[in-house]
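The sequence shown lines up with residues 7 to 223 when you count with my numbering. Note that CB positions come from ideal geometry on N, CA and C, so glycine has one too. From a predicted model like this one, the values you see are computed outputs, not experimental measurements.
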Amino acid sequence: MPLDIYDSIREKRFAALQAEFLPQLPLASGTPLTLELGCGHGHYLNAYAAAHPGEFCVGLDLIADRIARATRKAARARLTNLAFVQAEAALFLQALAAPHPALSLASPRLRRIFLLFSDPWPKRRHWKHRVMQTALLDTLAELTEAGAALHFRTDHPEYFIYAREVIAAHASWRVATPEEAPWPFEHVSVFEERALAGAPQSFTALRSETAHGARIP
Ligand SMILES: C[S@@+](CC[C@H](N)C(=O)[O-])C[C@H]1O[C@@H](n2cnc3c(N)ncnc32)[C@H](O)[C@@H]1O
């Protein structure tokens, strides 16, 4: 059956990520990888990478202008432990999790994932567009080991509850207490500044020891 245009575009982007972007990352070096899904202009991740030179950070976003701005900022600061790429979050993670036999890359291990002020898509019929999804947690579980952290922050109270419920229903992730997993780093991005009036709420989910896969409801 012929692929429709959408599938064909996704296939091309997937192939480009595997062939062009992923080989630039120090995947085989054992350097801890930190990811921000939907990094916007890269304010947070630039500051985080500068403060954590022992980690390699990757920021991704759908919008090309934002990635260009984030990349310029990293270049100005001469940060060598940071890369940005225009990509859709789920597709990027699938490309990262897929085997790379031609490149003989070690299986990448993410230590930390940030999902900050992710678009809340308030209407129920649009929830499928939210980045926080069971399928995304499945792929993240493949890419992490026990103890890896997923940090979530939003100013949208309903998205906060929803995100915690998606985590609670997943066999490979659990919501940690703030004492167990304190917020690792504070830096106010433009989006956070706009959100401050909305009283942002945060939680950290930890990758548990259990097997991959969502719990059966
Ligand atoms: C409100 S902004 C927050 C940016 C940044 N995290 C911050 O706190 O400043 C949300 C960003 O997520 C991006 N985004 C939304 N859905 C995405 C997806 N499926 N994959 C990658 N980026 C996405 C948007 O383009 C937007 O730049």
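A distance criterion of 7 Å places the beta-carbon of H162 beyond contact range of ligand 1, judged by its closest non-hydrogen atom. Boundaries for E42: no alpha helix (DSSP H) harbours it, while the beta strand (DSSP E) harbouring it runs 39-43, taken from the DSSP string. The Cβ atoms of P126 and T77 lie no closer than 8 Å to each other. Around R170, the same chain offers V181, F209 as residues with beta carbons nearer than 7 Å, after the five sequence neighbours per side are excluded.
Taking the CA atoms as reference points, E185 sits about 16 Å from A154. Counting other Cβ atoms within 10 Å of its Cβ, R130 stays below 16 and is therefore classed as exposed. Taken atom to atom, the span from the alpha-carbon of A83 to that of I167 is near 37 Å.
R117 has its CB no nearer than 7 Å to any heavy atom of ligand 1.
Contact check for Q24 against A101 passes: the beta carbons are separated by less than 8 Å.
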